[in-house]
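A.B. asks:
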Amino acid sequence: MNSEPLDVLIVGGGPGGTAAAFRARELGLRALILEYDDLMKRIRDYSKDKLILPGFGGGDQMRFPRGGDLVSCLCFDPIDKDDMCAAWKGFHRRHDVESHIGVELTGLERRADGAWRVAAWNHAERCDAAYLARHVVLAIGRGVPRRFDIPGNTDGIAFRLADAETYVGRPACVIGGGTSAAEAVIAVSNAKAAAGDPTAVYWAYRGDRMPRVSKALAEIFFGAYVGNGNIRYYPKSEPAAVVTADDHREYLSLRVDRRSMEGRPSETVHLEFPKDCCIACIGEDIPEALLADLGIRMAVGGPRDRKRMVVNRYLETEQRNVYLAGDILSQAYFETGDFDADPAGFREVKHRGNIKSALRDGVLVAQVIHQRLQGKTEIDVEIEEAGGPDEGKALFDFGVCPPEAAAQPPAASLAPERRARDAAGYLVRVLPGGVQDDEYPVRPRSATTIGRTGCDVTIESDTLLSDRHASISHDDDGVRLRDDGSATGVFLRVPATRKLEIDAGDVVQAGRQFLLFGRDNGAYSFTQYDTAGHEIRRQELEDGTIVLGRKAPDVNLDEADGTLSRRHMALSVDGGKLLIKDLKSVNGTFLRVKGSGFPLEHGDRFRVGQQHFIFSDHADAVLDAGHMPSATAETAEPESRQGTLEMNVGTGAMSGAVVTFRNLGKSIPVSPGQTICEAAEAHGLAITAECHSGICGSDPIRILKGRENLVADAGAGEAETLEDICDLEAGDCRLACMARVKGPVEVELV
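Here it is, written out as structure tokens:
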């Protein structure tokens, strides 16, 4: 251990640690990186042929940090992950950025002079190591991979999917219940099917039900399960041990069944897979115990009562001169100026888990450390951004928009100029959270292609896209969305503003449920499947309208499926046609596009791979991206609406504006601007309402007296909902969420 402390010791050799070391070197600081595995380990472990995009995860909304020649090396265009690893390791060597590989942090101890004594373990030499540093940066990523706690040697079991083709030609096993496990099962299944391999991929997980495949993967998994026929489920299974067989090879023994019989020993059934045929997608853990030993805590608090890392505005932890950078802060962290304050008041700051964000963290922290080593007590940090000479400097906002900008749309969601003024329309790409990220012109009287390679809209990072996945065609009949033979399908979000005609063979997704429509002797029907491909029910459809959902009046698809809304969608058979309409469900209803495609109208949304787009036929439209699908439909009312209720309650009723509910035996005042539904909810009356926009039909009422005291008659949309969904006629009947009053009215709940 050198007696002279380093200026900064950086733990972690990924993008955040690299940026911190490079900027520290430019500023004349003595810096050292400790990395227990290898530089760029996480990028190295991405799947084969993965393309790293500078805009991944909305990264185009921030620019690369600019420093000297070293930091400038880290700006990149789209690049293969292996090429990036090789290039960045070359930068480390070429510029003599010092790093100790195979060294793992084990502890921190503050000395009397304020410097840190850093304890570590050198795996290569199998001995303790120690370092002195004035500042420490923890850039350790999102955590450390979990390992099996089972007998035997688990070395050789993969903890990620590198190349699906590796598992062709012999049975493979994927262990785990998360998204990465589902992705691995899909990829291996597709690789086997493409190669004509008759062997299966076995999916093992501890739960007694199939894991909840994410909404983005649900229809893709369903297609692989039904289309490939090579996925085998083993719930209630778990690894038992690594054993050596008669062939002297090591196998992972997987317990897949256990039977208990009175008076007899329990019986178990095991499957054995060669270790190199197994993928354990069992996740990563933030090393909370280690961090706690270092005096760095996670806190439960913020506006949503979540568990997060806690730092100040300089990304410094409660341990002075110890900082966090990169993915350990993703997808959000708490910011506070007082670590002893109530965590409920901590500010939650979103943190994008991408390379560009980690680079900015590293440069920021290095500049903070430099100013502190210069003796400054008032830290003033600016991040100069790479770009044109006229872009100047941007004050680093620490994840929070300035107040004057908060009410404006994100800059990246507004195209500064149109790329083609004679376009037939535009495709607006929408990121999770509803941010409009980019815009693409639709070619007039031609086809605009979407895919992973060589298309008009090319998104190389999305491995769920086919090379040419879909296209938007334009001719005299309008604009149509087509599936160009993709492996994972094209899904149109059924609008809540109009009905769509569907036919036999169409597939519709609602929540985690899939409906396959058929027609026999002129009669329509649907068969319901879950994401595992298990048939749930077959339902004949008669003339008229039925409402389907989680707790619907006609068909309950699955009461345990929280991604379904109570009244999710409606099906109508009218004049020999089968029509579908979304009832403004939280997570949407999706129709798989087939054949000659589907006509698009302004505002229509669709999904290809993991990408979401909105079609606009307006030259200068800024569309409402709405919300992206969420994990559950049990959402609270929109904040704006809650605020309206709070504002209206207690303001005093407009003279004579009173609603009497005959079958409830209660009368309530109605404040100016309120609907009957809002007034009822504000006064605690039991009234069912979901969409509050006249679409779901959950709150019909009959006007008994005072119809002349309604502000307006039912509009066309409300009348259609009353007729189709509620089987009622507009006039004497209304929807409580649409009816506003100007005098006394007597009603009854229908």
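Quick note: to get the numbering used here, add 2 to the position in the sequence shown (first position is 1). Just so you know, even glycine gets a beta-carbon here, dropped at the ideal spot from N, CA and C. Computed from a predicted structure; not experimentally measured.
#1: I'd like the list of long-range same chain contacts for Pro746, defined as Cβ closer than 7 Å, with 5 residues on each side in sequence excluded.
#2: Hey, how far is the Cα of Thr591 from the Cα of Arg609?
#3: Looking only at its chain, what residues have a beta carbon closer than 6 Å to the beta carbon of Gly303, apart from the 5 residues adjacent to it on each side?
#4: Give me the Cβ distance between Lys352 and Gln333, rounded to the nearest whole Å; I'm assuming they're in contact under 8 Å.
#5: Just to check my reading of the structure: Val549 and Ala572 have Cβ atoms closer than 8 Å, yes? What is that Cβ distance to the nearest angstrom?
#6: Per DSSP, what kind of secondary structure is Gln321 in: helix, strand or coil?
#7: Inspect the CB distances between the region 538 to 555 and the region 572 to 590 and report whether three or more fall short of 8 Å.
#8: Taking its Cβ as the centre, do 16 or more other Cβ atoms sit within 10 Å of Arg454, making it buried, or is it exposed?
#9: Does the beta-carbon of Gly271 have 16 or more other beta-carbons within 10 angstroms, so that it is buried, or is it exposed?
#10: Could you name each continuous beta strand (DSSP E) segment of 3 residues or more that falls completely within the region 356 to 384, going from the start of the chain to the end?
#11: In three-state DSSP terms, what is Arg68?
#12: Pick from Val190, Phe493 and Gly30: whose alpha carbon is nearest that of Gln612?
#13: Less than 9 Å separating the beta-carbons of Ile727 and Gly699?
#14: Is the distance from the Cβ of Tyr204 to the Cβ of Arg172 below 9 Å?
#15: Work out the CA separation of Leu706 and Gly733 for me, nearest whole Å.
#16: Cα separation between Arg308 and Gly180?
#17: At the level of alpha carbons, what is the spacing between Val99 and Thr20?
#18: So what does Asp477 bridge to, in DSSP terms?
#19: Rounding to the nearest angstrom, what Cα-Cα distance links Arg482 and Thr490 in this structure?
#20: In the structure shown, what three-state DSSP assignment does Ser191 receive?
#21: Starting from the C-beta of Asp508, find all residues in its chain whose C-beta is less than 6 Å away, skip the five residues before and the five after it, and write them out in chain order.
#22: Taking one C-beta from the region 27 to 37 and one from the region 88 to 102 each time, how about it: are there three or more such pairs within less than 8 Å?
#23: Please classify Met263 as buried or exposed, where buried requires at least 16 other C-beta atoms within 10 Å of its C-beta.
#24: List the residues that DSSP assigns as beta-bridge partners of Ile757.
#25: Hey, Ala26 and Val13 are a contact pair by Cβ (cut 8 Å); roughly how many whole angstroms apart?
#26: Would Ala243 and Ile159 be called neighbours here (beta carbons separated by less than 9 Å)?
#27: Report the three-state DSSP secondary structure of Tyr48 (helix, strand or coil).
#28: Take the Cβ of Ala408 as the centre, count every other Cβ of all protein chains shown within 10 Å, and call the residue buried at 16 or more, exposed below.
#29: If contact is defined by three or more beta carbon pairs under 8 Å, each pair taking one atom from either stretch, is the region 310 to 324 in contact with the region 108 to 120?
#30: Given Lys501, which residues of its chain have a CB within under 6 Å of its CB, disregarding the five upstream and five downstream residues?
#31: According to DSSP, what are the bridge partners of Ala449?
#32: So is Pro305 buried or exposed if we call it buried at 16+ other beta carbons inside 10 Å?
#33: Check Asp84 in the structure and name its three-state DSSP category.
#34: For Asp440, collect the residues of the same chain with a Cβ closer than 6 Å to its Cβ; drop the 5 residues on either side in sequence, then sort them by chain order.
#35: Check this for me: beta carbons of Arg540 and Thr533, under 9 Å apart or not?
#36: I want to know whether the region 355 to 373 touches the region 120 to 134 - three or more CB-CB distances under 8 Å.
C.D. replies: This is what the structure gives:
#1: These residues qualify, in order along the chain: Gly658, Val660, Gly708 and Asn711.
#2: Separation of Thr591 and Arg609 (C-alpha to C-alpha, rounded to the nearest whole angstrom) is 12 Å.
#3: Apart from the 5 residues on each side of it in sequence, Gly303 sits with its Cβ closer than 6 Å to the Cβ of Pro345, Ala346 and Phe348 in its chain, given in chain order.
#4: So it is a contact: roughly 7 Å between Cβ atoms.
#5: Contact check for Val549 and Ala572: beta-carbon distance about 5 Å, within the 8 Å limit, so the pair qualifies.
#6: Looking at Gln321 - three-state DSSP - the assignment turns out to be coil, as it is neither helix nor strand.
#7: The region 538 to 555, when compared against the region 572 to 590, does touch it at the 8 Å Cβ threshold.
#8: The residue in question, Arg454, is buried, as its Cβ has 16 or more Cβ neighbours within 10 Å.
#9: Looking at the sequence shown, residue 271 is not Gly but Val. Around the beta-carbon of Val271, fewer than 16 other beta-carbon atoms lie within 10 Å, marking it exposed.
#10: Listed in chain order, the beta strand (DSSP E) elements of length 3 or more contained wholly in the region 356 to 384 amount to none.
#11: If DSSP states are grouped into helix, strand and coil, Arg68 belongs with the strands.
#12: The shortest C-alpha separation from Gln612 is found at Phe493.
#13: Taking 9 Å as the Cβ cut-off, Ile727 and Gly699 qualify as a contacting pair.
#14: Not closer than 9 Å, so no.
#15: Whole-angstrom Cα-Cα distance: 11 Å.
#16: Between Arg308 and Gly180, the alpha-carbon positions lie close to 20 Å from each other.
#17: In a straight line, the C-alpha of Val99 is about 9 Å away from that of Thr20.
#18: DSSP, once it has assigned bridges, lists Gly480 as partnering Asp477.
#19: Near 19 Å, if we compare the C-alpha coordinates of Thr490 and Arg482.
#20: For Ser191, the three-state secondary structure derived from DSSP is helix.
#21: Once the five neighbours on either side are set aside, the close Cβ partners of Asp508 are Phe519.
#22: Yes, they touch.
#23: A residue is called buried when at least 16 other Cβ atoms come within 10 angstroms of its Cβ; Met263 does not meet this threshold and is exposed.
#24: The shown model of the chain, from 3 to 752, leaves out residue 757, and the question about it has no answer.
#25: Cβ-Cβ separation between Ala26 and Val13: approximately 14 Å, too far for a contact (criterion under 8 Å).
#26: Against a cut-off of 9 Å, the Cβ pair of Ile159 and Ala243 comes out as no contact.
#27: Coil.
#28: Per-residue confidence for Ala408 stands at a pLDDT of 29, beneath the threshold of 50, marking its modelled position as unreliable; no derived number is given.
#29: As far as the Cβ criterion goes, the region 108 to 120 touches the region 310 to 324, which means the pair count is three or higher.
#30: Closer than 6 Å at the Cβ level, and outside the excluded window around Lys501, lie Leu581 and Lys583.
#31: Looking at the DSSP assignment, Ala449 forms a beta bridge with Ser475.
#32: Burial state of Pro305 is exposed, judged by a 10 Å Cβ sphere holding fewer than 16 other Cβ atoms.
#33: Of the three classes helix, strand and coil, the one that applies to Asp84 here is helix, per DSSP.
#34: For Asp440, where only same-chain residues beyond five positions count, the Cβ hits under 6 Å are Arg431.
#35: Not in contact: Arg540 and Thr533 (Cβ atoms no closer than 9 Å).
#36: Not touching, per the Cβ criterion.
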